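A short worksheet on the structure shown next.
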Amino acid sequence: MAAHARRDGDGISRRSFARLLAAGGSAALLGKTGFAFERPAPLPQTPASPDEAFWRSVREQFPMPTNVSVMNAANLCPSSLPALEAMYENTKDVDGNPSFQNRAKMGEGKVNTRKILA
């Protein structure tokens, strides 16, 4: 069995545990009335020659303080606010309706995402 597929005594893989931890930890960032961070403006199409203003708009997508920069993202890859919000909304959807039929949407989403990224 591959290292990433090993399961502990309770039958959950480390990868699945990390996903659950990320989803649960992200919930701490959210308030009862909705997303706790101000939503940044959507990114424009990437220009042929991105300038500093474009990169500032990319940076605004992340909730980290502006005086913090991640120089080694091998172990810590901050999520953008739109990604955090999408994860929260999908987690809330599954938690609100944990039926097999509702969870099947996740498989469809995975297939569609793979097609987009291919």
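Taking full-length UniProt numbering, the leading residue of the sequence shown gets 1, the next gets one more, and so forth. Yeah, the Cβ is synthetic: ideal placement off N, Cα and C, and Gly gets one too. All figures in this text were calculated on a predicted structure; none of them were measured in a lab.
For this session: For the alpha helix (DSSP H) containing A53, list its first residue and its last residue.
Result: Indexing the sequence shown from 1 puts residue 53 at position 53. Start and end: E52 to R59.
Problem set entry | Any non-hydrogen atom of the ligand SAM closer than 7 Å to N97 Cβ | With respect to small molecules bound, the structure shown includes none, and the ligand SAM cannot be examined in it.
For this session: In the DSSP assignment, find the alpha helix (DSSP H) that holds T91 and state where it starts and stops.
Result: Translated into positions along the sequence shown, residue 91 becomes position 91. Annotation: the continuous alpha helix (DSSP H) that includes T91 extends over L81 to G96.
Exercise. Looking at C-beta atoms only, is the number of pairs between the stretch 47-57 and the stretch 67-74 that lie closer than 8 Å three or more?
Worked result: The stretch 47-57 makes no contact with the stretch 67-74; the number of CB pairs closer than 8 Å stays below 3.
Exercise. What is the rounded straight-line gap between the Cα of S80 and the Cα of S57?
Worked result: One-based indexing of the sequence shown puts residue 80 at position 80. One-based indexing of the sequence shown puts residue 57 at position 57. Rounded to the nearest whole angstrom, the C-alpha separation of S80 and S57 is 12 Å.
For this session: Could you check the C-alpha separation between I12 and S99 for me, to the nearest Å?
Result: Along the sequence shown, one-based indexing puts residue 12 at 12. Along the sequence shown, one-based indexing puts residue 99 at 99. Those two C-alpha atoms are separated by around 20 Å.
Exercise. Quick one: Cα of M1 to Cα of R14, how far?
Worked result: Within the sequence shown, the letter at position 1 stands for residue 1. Within the sequence shown, the letter at position 14 stands for residue 14. Confidence at M1 is low in this model, with a pLDDT of 49, below 50, so the placement of that residue should be treated as unreliable; the coordinate-derived value is given next. M1 and R14: Cα-Cα distance of roughly 13 Å.
For this session: Spell out the partners DSSP gives S49 in its beta bridges.
Result: The sequence position of residue 49 within the sequence shown is 49, counting from 1. S49 is not bridged to any residue.
Problem set entry | Proximity below 8 Å, CB of P78 to CB of F62 | Position 78 of the sequence shown, counted from the start, is the residue given in the question as residue 78. Position 62 of the sequence shown, counted from the start, is the residue given in the question as residue 62. Closer than 8 Å, so yes.
Exercise. Does DSSP put E38 in a helix, a strand or coil?
Worked result: Against the sequence shown, residue 38 aligns to sequence position 38. Coil at E38, not helix or strand.
Problem set entry | Delimiting residues of the alpha helix (DSSP H) encompassing F100 | As a working note, residue 100 is residue 100 in the sequence shown. In the DSSP annotation of this structure, the continuous segment of the alpha helix (DSSP H) that includes F100 starts and ends at F100 to L117.
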